[in-house]
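A.B. asks:
In this note's numbering, the protein residues as written are 851 to 1011.
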């Protein structure tokens, strides 16, 4: 029975390694900023353990430069650690960073990103924002909910006394 367990563990490890090798060979390498080495499942998270995160990022920036790429699990993360580099990135690639990530909850629960919170930046989001500002946050609508806000403030104040 123990032999079967060891064989299945070894087979699983070999399968994971082969899949990683095949993934690297099949997918063309994108031009990404430099960054620390990664582990297959957790990515670069091991560089942030047992150290305060801002100090770990400072030390990594000293090695890899003011623009670096971290992999937190399966999520790629670009870290900008200097004012000049941040200004350049936000000026030249502002449209890329202006949108929201496509999360599964936005697709499944909120009808393919049809909500104002999860919809990507664009004309649809702008129209949703204008509708929200005109209908929900209009001065008359805000005044109509004044008694509810006052009641919530009183309830909150009573809880903290």
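A virtual CB, placed ideally from N, CA and C, is assigned to each residue, including glycine.
Every value quoted in this text rests on a predicted model; they were computed, and no experiment measured them.
Beta-carbon within less than 6 Å of residue 960's beta-carbon, same chain only, minus the 5 sequence neighbours each way: which residues are those?
C.D. replies: Cβ neighbours of residue 960 beyond the five flanking positions: 968.
A.B. asks: Since I believe residue 902 is in contact with residue 931 (beta carbons under 8 Å), could you give me their beta-carbon distance rounded to a whole number of angstroms?
C.D. replies: That belief does not hold up - the Cβ atoms of residue 931 and residue 902 are roughly 15 Å apart, past 8 Å.
A.B. asks: So does the stretch 878-893 actually touch the stretch 914-923, counting three or more Cβ pairs closer than 8 Å?
C.D. replies: Touching, yes, given that three or more Cβ pairs across the two stretches are closer than 8 Å.
A.B. asks: So what does residue 925 bridge to, in DSSP terms?
C.D. replies: Residue 925 pairs with 922.
A.B. asks: Per DSSP, what kind of secondary structure is residue 885 in: helix, strand or coil?
C.D. replies: In the structure shown, residue 885 sits in coil (DSSP, three-state: anything other than H, G, I, E or B).
A.B. asks: Out of curiosity, what's the CA-to-CA distance linking residue 975 and residue 966?
C.D. replies: Roughly 6 Å separates the two Cα atoms.
A.B. asks: Between the alpha carbons of residue 912 and residue 989, how many angstroms are there, rounded?
C.D. replies: So the two alpha carbons sit approximately 51 Å from each other.
A.B. asks: Given residue 947, which residues of its chain have a CB within under 6 Å of its CB, disregarding the five upstream and five downstream residues?
C.D. replies: Same-chain partners within the cutoff: there are none.
A.B. asks: Tell me which residue opens and which closes the alpha helix (DSSP H) that residue 867 is part of.
C.D. replies: 852-876 is the extent of the alpha helix (DSSP H) around residue 867.
A.B. asks: Tell me which residue opens and which closes the alpha helix (DSSP H) that residue 1001 is part of.
C.D. replies: Run containing residue 1001: 996-1009, per the alpha helix (DSSP H) assignment.
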